[in-house]
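2 protein chains.
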Amino acid sequence: MGRWEPNARGRLAKAALELYGELGYEQTTVAEIAKRAGLTERTFFRHYADKREVLFDGSSALQELFATAVAEAPKSVAPIDAMMAGLEAISTAFDGRREHSRRRQAVIVANAELRERELIKLASMSTALADALRRRGVAEPTASLTAEAGIAVFKVGFELWLMAPEEREMGQLMRESLAELRAVTAHGYAIP
Amino acid sequence: MGRWEPNARGRLAKAALELYGELGYEQTTVAEIAKRAGLTERTFFRHYADKREVLFDGSSALQELFATAVAEAPKSVAPIDAMMAGLEAISTAFDGRREHSRRRQAVIVANAELRERELIKLASMSTALADALRRRGVAEPTASLTAEAGIAVFKVGFELWLMAPEEREMGQLMRESLAELRAVTAHGYAIP
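From first to last, the protein sequence lines stand for chains A and B.
Okay, so the first sequence: first residue is 1 according to full-length UniProt numbering, each after it adds one.
Okay, so the second sequence: first residue is 1 according to full-length UniProt numbering, each after it adds one.
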């Protein structure tokens, strides 16, 4: 029971995603996940608090990586360029994880509670990004708008990446998503 | 008990917001809301399903108004201009409601469950706006990015409006918020 299992965490995550896809998230039990991974429930609970955490355990590390890259971009660059530096940083963290991300996304889209959790994660990310920008000396409402723009680019760029063929890298899709946001907002009302 | 009460709905909403501010949302009961409004609990439940609904009963009408204005903007205008037409439409709906909105916002910010509900509302709005844009013939990812830009402008413009003095109208602040988003995204990486 208590013995060390090689890569138990990764095996549990893989088994969980498979089962969420096959049986549905609600229908899958921790006992089934542990069994599929060839491990015990006790081992599961040494790694994850519950079956939802398997899907969200990378979220705070991702937010930290994103906000740190924004905070540490060269002082001289514009707020949106600091944001783009953050998007580049998280893009490298998704290298080789497209198939995993596709499976995860399919599970989340199918479940209202998980979709809400994902929204909360993105809102928390936006708050952290605005905070990182303010610490760079960016005033309000510029900091909040830049953070919201960054999240919009991330959401849309991420969707494009999930649908794209293997050779299209996330960083490239994030740059295209930002270019599209810029093109979209370039037309519009002038302030009277 | 069952008799008609003049403006019961408005009196209940006003009493609820007052009590949420004074006692906190969690601590307030429907019985207290009804008592403050000089009405019965039974009357409360004829108008609202629960104490949360008092805060969100205008949400679907707002989304409908927003998406319809986007859908019905002149065919010739750019997607972001259709979005701005939607923002103008909802701005008029908030006329004379700044104090009410300030109180509502304070209650929501103080409660995690209500903040989540608000996020879900905004995500649903974004989906409806992207849908309205696609029905105008706007392709993806332009439709989703324009919708996300619209929500970003709305969120920031709404915060500015809550803090602004009386003479600053919401429509004006939404236009300024869009102008700021445009300025923010105008600097940045070129696609290599």
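Using N, Cα and C, we set each Cβ at its ideal position, and we do this for glycine too.
Source: prediction; values computed, not measured.
{"query": "Own chain residues within Cβ distance below 7 Å of His-47(B), not counting five before or after", "result": "Ala-8, Arg-9 and Leu-12"}
{"query": "Listed by chain order, chain B residues near Ala-152(A) by CB distance under 7 Å", "result": "Leu-145, Glu-148, Ala-149 and Ala-152"}
{"query": "Simplified DSSP state of Asp-57(A), which is helix, strand or coil", "result": "coil"}
{"query": "Euclidean distance between Cα positions of Ile-191(A) and Glu-113(B)", "result": "Model confidence at Ile-191(A) stands at a pLDDT of 41, short of 50, so the residue's coordinates are unreliable; what they give is reported in the following sentence. Computed Cα separation, rounded: 37 Å."}
{"query": "Beta-carbon proximity list for Ala-128(B), same chain, < 6 Å, skipping 5 on both sides", "result": "Gln-63 and Ala-67"}
{"query": "Ala-132(A) CB to nearest heavy atom of the ligand PLP below 6 Å", "result": "In terms of ligand content, the structure shown is empty, and the ligand PLP therefore cannot be addressed."}
{"query": "Contact set between the stretch 68-84 of chain A and chain B, restricted to residues whose Cβ is under 9 Å from the partner", "result": "Val-77, Ala-78, Pro-79, Ile-80, Asp-81, Met-83 and Met-84"}
{"query": "Presumed contact (8 Å Cβ cut-off) between Leu-145(A) and Ala-152(B), rounded CB distance", "result": "6 Å"}
{"query": "Ala-183(A) versus Ala-164(B), Glu-18(B), Ala-78(B) and Thr-40(B), residue with shortest Cα-Cα distance", "result": "Ala-78(B)"}
{"query": "Contact with chain B by Ile-108(A), beta-carbon distance below 7 Å", "result": "no"}
{"query": "CB of Leu-162(A) within 7 Å of CB of Arg-102(A), strictly", "result": "yes"}
{"query": "Expected contact under 8 Å - CB spacing of Ser-59(A) and Lys-121(A) to nearest Å", "result": "5 Å"}
{"query": "is_contact[Ile-90(A), chain B] using C-beta, thresh 7 Å", "result": "no"}
{"query": "Backbone CA spacing between Ala-71(B) and Ala-164(B) [nearest angstrom]", "result": "30 Å"}
{"query": "Range of the contiguous alpha helix (DSSP H) that encloses Ser-91(B)", "result": "79-93"}
{"query": "Chain-order list of residues whose beta-carbon lies under 7 Å from that of Ile-90(A) (same chain, five-residue window excluded)", "result": "Leu-62, Leu-65 and Phe-66"}
{"query": "Beta carbon of Ala-34(A) nearer than 7 Å to that of Phe-45(A)", "result": "no"}
{"query": "Selected residue, minimal CA-CA separation from Gly-21(B), among Ser-126(B), Ala-147(B) and Glu-99(B)", "result": "Glu-99(B)"}
{"query": "is_contact[Met-174(B), chain A] using C-beta, thresh 7 Å", "result": "no"}
{"query": "Test item: CB-CB of Leu-119(B) and Ala-123(A) under 7 Å", "result": "yes"}
{"query": "Three-state secondary structure assigned by DSSP to Tyr-48(B)", "result": "coil"}
{"query": "Beta carbon proximity, Leu-162(A) to chain B, threshold 7 Å", "result": "no"}
{"query": "Contact list for the stretch 130-145 of chain B against chain A, Cβ threshold 8 Å", "result": "Pro-141, Thr-142, Ser-144 and Leu-145"}
{"query": "Rounded C-alpha distance that separates Phe-158(B) from Ala-149(A)", "result": "16 Å"}
{"query": "Minimum C-alpha distance to Gly-96(A) - residue among Ala-186(A), Leu-23(A), Glu-166(A) and Ile-80(A)", "result": "Glu-166(A)"}
{"query": "Exposure label - Arg-42(B); buried when at least 16 CB within 10 Å", "result": "exposed"}
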